[in-house]
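2 protein chains.
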Amino acid sequence: MVNCIRLNSVLRAGGRALSTTAGKKQRPLVAETADQHHVTRNNFSDVQRVRHEQAKHSVLIGCPAKINENKFLKYLSQYGEVASHFFFDSNGTHAVVEFVDLQSINSFLAGTKIPSDEDVFVVPYKSRYIRLKTTEVGQQFPKCWPQFCIPMNSLVEKLCGAESIEDQAHLLLDDLQLTEESIRLRYLVSSLISDIATAYFPEASVHLYGSSVNSFGKMGCDLDLFLNLEDIKGYRSGKMTSAYSTEFWMRRVSSGRTAQQKILSVIGECIDSFGPGCNEVQKILNARCPLVRFIHQSSGLQCDLTADNKIALRSSELLYIYGNLDHRVRALVFALRSWARVHGITSSIPGHWITNFSLTMMVLFFLQKRTPPVIPTLDQLKNLAGKKEKSIIDGNDCTFVKDLNKIRQTANKEPLDSLLIEFLEYYGKFDFKTSCIDIRKGVEKNKPEAAALYIQNPFEQKLNISKNVNQSSLQRFVNLAQESAYILQDQGGRPSKKGKPWGLASILLPASADKGTSPKRKKKVSASERIGSLLESLKDNDDTGKAQPGH
Amino acid sequence: MVNCIRLNSVLRAGGRALSTTAGKKQRPLVAETADQHHVTRNNFSDVQRVRHEQAKHSVLIGCPAKINENKFLKYLSQYGEVASHFFFDSNGTHAVVEFVDLQSINSFLAGTKIPSDEDVFVVPYKSRYIRLKTTEVGQQFPKCWPQFCIPMNSLVEKLCGAESIEDQAHLLLDDLQLTEESIRLRYLVSSLISDIATAYFPEASVHLYGSSVNSFGKMGCDLDLFLNLEDIKGYRSGKMTSAYSTEFWMRRVSSGRTAQQKILSVIGECIDSFGPGCNEVQKILNARCPLVRFIHQSSGLQCDLTADNKIALRSSELLYIYGNLDHRVRALVFALRSWARVHGITSSIPGHWITNFSLTMMVLFFLQKRTPPVIPTLDQLKNLAGKKEKSIIDGNDCTFVKDLNKIRQTANKEPLDSLLIEFLEYYGKFDFKTSCIDIRKGVEKNKPEAAALYIQNPFEQKLNISKNVNQSSLQRFVNLAQESAYILQDQGGRPSKKGKPWGLASILLPASADKGTSPKRKKKVSASERIGSLLESLKDNDDTGKAQPGH
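If you read the sequences in order, they're chains A and B. Everything in the first sequence is counted per the UniProt record's numbering, starting at 1 for the first residue and increasing by one. Everything in the second sequence is counted per the UniProt record's numbering, starting at 1 for the first residue and increasing by one.
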């Protein structure tokens with residue numbers, strides 16, 4: 001039995017505490033999540049471990065819209081001590097409830113019925129997704145924590161009231177970044193999916209990767225999961241002590257990829273047939289990285305489950321480290337991602353646009369190029385790594401230090417305001433024609449091959465992560481950077497007269513010129529449309545951002 | 001941890017011992033299986049329980065063709081005491097090895113590798129089906145226990161050397177009935193399939209039913225399995241002690257049948273993708289009783305897995321009781337089934353032929369009609385049942401006594417020889433036009449509806465189990481019965497001159513007149529052909545024998 005309080009204290013000792021609200025009085029979780037500097041010194045793997053444990057101690061409960069929160073908690077406490085809970089609203093009111101002890105989950109499930117109303121037929125797969133029924137008429141709606149971003153126009157309005165561009169950037173970060181509740185919900189969904197995916201492979205594990213964990217995730221972003229089958233190990237004999245040995249009789253297939261496809265196909269069937277609260281299941285098994293996509297309706301999350309994607313997990317950890325090295329990194333990335341999205345420079349629709357991942361690499365490269373640098377190069381992080389941190393995946397060196405405390409703080413003190421303007425100016429006149437961006441060395445290099453935009457993949461160094469970008473998309477980015485730099489310089493970094501957008505807000509307003517040319521996302525793109533365009537893009541180009549999901 | 005020796009001793013106390021060969025010296029299992037009277041007094045459910053336990057303690061091992069048995073056993077014994085083992089040959093040499101303790105299985109599996117040869121890719125599903133590798137060159141082939149019947153012409157030759165028709169019938173029974181090894185293998189295959197089928201439904205269980213367990217199974221007969229999902233129970237509250245209650249959030253479907261189809265579909269995918277040694281998987285989900293059919297290649301068994309088939313399980317138990325009440329029952333049924341099969345009266349191809357199940361009902365009915373009766377009627381068995389044995393399934397009364405010791409032995413002493421002839425005479429002049437066969441009452445009744453042959457379903461009493469039979473099939477049966485009765489009477493029940501078939505052997509030779517009209521099974525009917533004809537027959541007729549599999 002794992003006690004979450006103890007686990008959390010491990011992290012608390014190392015830096016910012018992961019919120020746990022054991023005890024009688026439930027405190028809102030979110031208050032603890034954001035500290036002044038938006039950074040943590042906890043190791044990526046430690047955070048993952050604690051989050052996974054929290055999720056295993058948690059249940060997802062569908063509730064009536066009105067509920068007496070105190071009575072609800074009293075009801076739950078008969079099964080054990082509740083460590084934390086919160087409500088959210090997504091296709092109905094739901095609660096995430098974390099128990100202190102695993103045993104309490106078992107008691108709770110043992111006290112749970114199978115739906116047995118007349119004329120109700122179910123697929124009797126038991127999970128930790130529960131429906132609460134009550135004969136009591138609730139008096140009030142519980143406080144529901146949001147799971148999606150506030151609309152951009154509300155955000156812009158909010159930013160106008162800030163004191164400085166730096167304040168604006170931090171306000172934006174606070175509003176867009178994943179909240180504590182959202183992170184908990186993501187790990188819980190991952191844990192529920194893991195129960196399904198590992199039924200046949202008890203040694204396998206499901207990891208979150210990509211934006212959910214790389215510290216650059218925006219509220220409502222997709223949930224990228226991968227099933228690590230490499231944890232499945234058989235006995236490895238040293239010396240042969242006998243003339244006999246045994247091996248499992250296993251289904252032989254033509255390649256590791258075929259095995260992944262078979263496994264994902266079956267898991268897709270299971271999620272489709274049993275997965276409580278899952279729908280729109282799509283098997284995209286012929287993609288470069290085969291995946292099963294589905295909507296976890298109760299959380300509102302679109303989930304992509306792949307089998308094995310270890311480089312992507314390393315990539316997520318690298319971004320996590322960069323995001324937590326200095327408070328300006330995430331603030332700048334979030335501001336520039338919003339800026340690029342508003343103007344149609346990036347898009348969630350796969351195509352010839354710059355991806356969020358590429359844009360983030362450009363920000364990191366820019367920060368490496370400052371004097372003194374705000375963040376170290378990947379090679380510097382590699383040199384800080386100990387022997388045990390050596391990591392070679394599929395022949396690619398993915399080594400870097402994992403302990404944030406081993407990385408020296410930067411001497412660079414440039415304010416966010418000027419970094420933002422400098423970024424826009426830097427790329428407004430960058431020599432994209434001949435130069436290549438490489439965060440491993442932190443210096444411009446000659447492009448190894450023709451491409452409008454060449455950003456070297458930090459791990460698979462022979463790949464260009466922005467191979468999909470065409471010249472016109474790049475040119476629009478350059479023009480916009482120049483234009484936005486001009487707007488900000490013109491304002492002199494001070495709030496303008498009341499009500500009129502200024503600073504960051506002023507460059508987050510779509511210009512009328514953007515119209516018609518931008519790949520604006522429709523308010524609601526149906527899953528089938530998204531699949532269609534994804535497949536289309538995979539045909540065109542093997543290296544779009546989406547074909548390397550979730551870096 | 002369950003000790004099989006203890007379990008077996010439970011059964012041994014009740015009658016014939018289930019073979020267990022714990023101890024250093026391995027004895028052949030088959031020697032213990034056949035006692036003089038071919039009957040047991042053990043309850044059906046006790047036998048099932050012990051067999052399931054044996055299977056859980058067992059592993060299936062693919063071996064080199066030549067192997068040193070002593071060294072093999074010595075190798076295995078490092079993991080724990082071996083309770084029993086035997087070899088068989090089906091798509092390569094295999095061994096079934098039963099360990100005394102469950103823990104030994106875990107040790108054995110922990111010492112087993114995942115195939116890791118270069119260029120070998122596998123779906124890493126771990127089961128108890130293991131491949132033994134050895135660097136040693138084996139000197140001899142191990143004794144392999146047969147899993148299939150000897151050919152009919154060899155059997156006929158053997159029967160000619162017997163002393164009496166009774167001896168012939170028992171010889172035939174010994175050669176055709178399931179051996180101890182075959183039964184163990186069937187339970188082991190069921191156990192391996194159960195591991196797959198219950199991965200998502202840990203409370204569910206897989207039962208064998210039909211010929212594998214009803215005491216009338218012939219070597220090589222299909223393995224009928226059903227997944228009992230009704231064991232999945234949630235908490236059932238008595239009085240509401242709280243205004244709150246919880247239920248599992250489960251996928252809702254339009255009917256119980258739809259739930260079964262969804263579950264079987266997923267299990268079919270799993271067996272197809274992971275199932276070690278399984279192939280030719282066919283989902284036949286639109287049949288009256290949805291099923292997944294596949295070949296378990298390593299045992300050579302064709303398996304039919306249905307979801308829920310409780311009446312069929314009761315039917316199997318009823319046949320088991322009848323088969324073990326008196327030694328003449330199974331001997332007579334086996335003899336008559338062989339007789340009918342040779343002459344094309346029955347067939348494994350669904351169609352207008354009499355099924356084995358119908359023929360068995362005719363034998364039971366005949367034995368109930370003797371004076372004094374050889375076996376009791378179903379109503380008599382029902383009246384012997386205790387309160388706890390009451391069983392209503394889908395509104396059908398399936399109650400009967402389960403303790404064989406509560407059923408009084410018959411006073412009827414008629415020899416098998418005369419029972420065989422009397423059977424042929426009885427049905428040679430039976431009034432099929434107006435009468436209906438009913439083993440529940442044990443008396444002829446007027447047919448409730450038109451049908452060439454009307455045999456009342458003992459449990460679903462409004463159904464005719466031989467609705468599929470047409471007039472010409474019935475007429476061929478009647479003619480053949482008359483003809484065979486004449487042949488036997490003519491011989492006077494004594495061995496004829498040397499070499500010439502006599503007695504049972506003489507009626508097991510296909511007459512030239514059979515040619516062309518009989519539904520003879522091709523030597524090898526492909527799975528797709530079988531499926532084709534099955535589907536065809538389901539379209540024609542909803543009540544063929546195969547649509548009620550495995551009674």
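Backbone N, C-alpha and C fix where the C-beta goes; we use that ideal spot for every residue, glycine too.
Have a look at residue i and residue j and give me their C-alpha separation to the nearest angstrom.
i             : j             : result
residue 427/B : residue 339/B : 14 Å
residue 257/A : residue 77/A  : 47 Å
residue 330/A : residue 201/A : 37 Å
residue 411/A : residue 434/A : 31 Å
residue 302/A : residue 352/B : 54 Å
residue 204/A : residue 267/B : 20 Å
residue 155/B : residue 164/B : 15 Å
residue 293/B : residue 210/B : 15 Å
residue 452/B : residue 381/B : 29 Å
residue 170/A : residue 507/A : 16 Å
Give me the chain B residues within the contact set of residue i, using Cβ-Cβ distance strictly less than 7 Å, ordered along the chain.
i             : result
residue 126/A : 248
Tell me which same chain residues have a C-beta within less than 6 Å of the C-beta of residue i, skipping the five on either side of it?
i             : result
residue 345/B : 354 and 477
residue 213/B : 316
residue 186/B : 212 and 223
residue 168/B : 159, 162, 503 and 504
Looking only at its chain, what residues have a beta carbon closer than 7 Å to the beta carbon of residue i, apart from the 5 residues adjacent to it on each side?
i             : result
residue 89/A  : 144
residue 393/A : 310, 311 and 314
residue 425/B : 485
residue 328/A : 374, 416 and 419
residue 115/A : 122
residue 166/A : 415, 416 and 417
residue 296/B : 189, 277, 278 and 303
residue 510/B : 342 and 343
Label residue i either buried or exposed according to how many other C-beta atoms from any shown protein chain fall within 10 Å of its C-beta, with 16 as the threshold for buried.
i             : result
residue 56/B  : buried
residue 342/A : buried
residue 467/B : buried
residue 153/A : exposed
residue 98/B  : buried
residue 248/B : buried
residue 525/A : Low confidence applies here, because residue 525/A scores a pLDDT of 45, under 50, leaving its location unreliable; read the following figure in that light. It counts as exposed.
residue 92/B  : exposed
residue 175/B : buried
residue 395/A : exposed
residue 33/B  : For residue 33/B, the predicted structure reports a pLDDT of 36, less than 50, and the residue's modelled location is therefore unreliable. A value from the coordinates is still provided. It counts as buried.
residue 62/A  : buried
Would you mind telling me which residues of chain A sit closer than 9 Å to residue i, beta carbon to beta carbon, in chain order?
i             : result
residue 252/B : 115, 120, 121, 122 and 123
residue 255/B : 121
List, in order along the chain, the chain A residues whose C-beta lies closer than 8 Å to that of residue i?
i             : result
residue 393/B : Per Cβ cutoff of 8 Å: no residues; residue 393/B is ~18 Å from chain A at best.
residue 185/B : Per Cβ cutoff of 8 Å: no residues; residue 185/B is ~15 Å from chain A at best.
residue 229/B : 124
residue 232/B : 114, 124 and 126
What residues from chain A crowd round residue i, counting only those whose CB sits closer than 7 Å?
i             : result
residue 242/B : 75
residue 80/B  : The contacting residues do not exist; residue 80/B stays about 14 Å from chain A at best.
Give me the chain B residues within the contact set of residue i, using Cβ-Cβ distance strictly less than 8 Å, ordered along the chain.
i             : result
residue 295/A : Within 8 Å Cβ-Cβ: nothing; residue 295/A doesn't reach chain B, min ~14 Å.
residue 129/A : 248 and 249
Mind pulling the chain C residues with CB within less than 9 Å of residue i?
i             : result
residue 311/B : Considering every chain present, this structure includes no chain C. Its protein chains are A and B.
request  = Can you give me, in chain order, the residues of the region 259-287 of chain A that have a beta carbon less than 8 Å from any beta carbon in chain B?
outcome  = 259, 262, 263, 265, 266, 269, 270, 273, 274, 275, 276 and 277
request  = For the region 132-155 of chain A, enumerate the residues whose C-beta is nearer than 8 Å to any C-beta of chain B, in chain order.
outcome  = 132, 133, 134, 135 and 136
task = May I ask you to list, following chain order, the residues of the region 89-117 of chain B that have a beta carbon less than 7 Å from some beta carbon of chain A?
result = 110, 111, 112, 113, 114 and 115
message = Using a Cβ-Cβ cutoff of 7 Å, what residues of the region 189-223 of chain B are near chain A? List them in chain order.
response = 199, 200 and 201
message = Along the region 339-365 of chain A, where does the CB come closer than 9 Å to a CB of chain B? Name the residues.
response = none
request  = Pull out every residue of the region 40-66 of chain B whose Cβ sits closer than 7 Å to any Cβ of chain A, in chain order.
outcome  = 62
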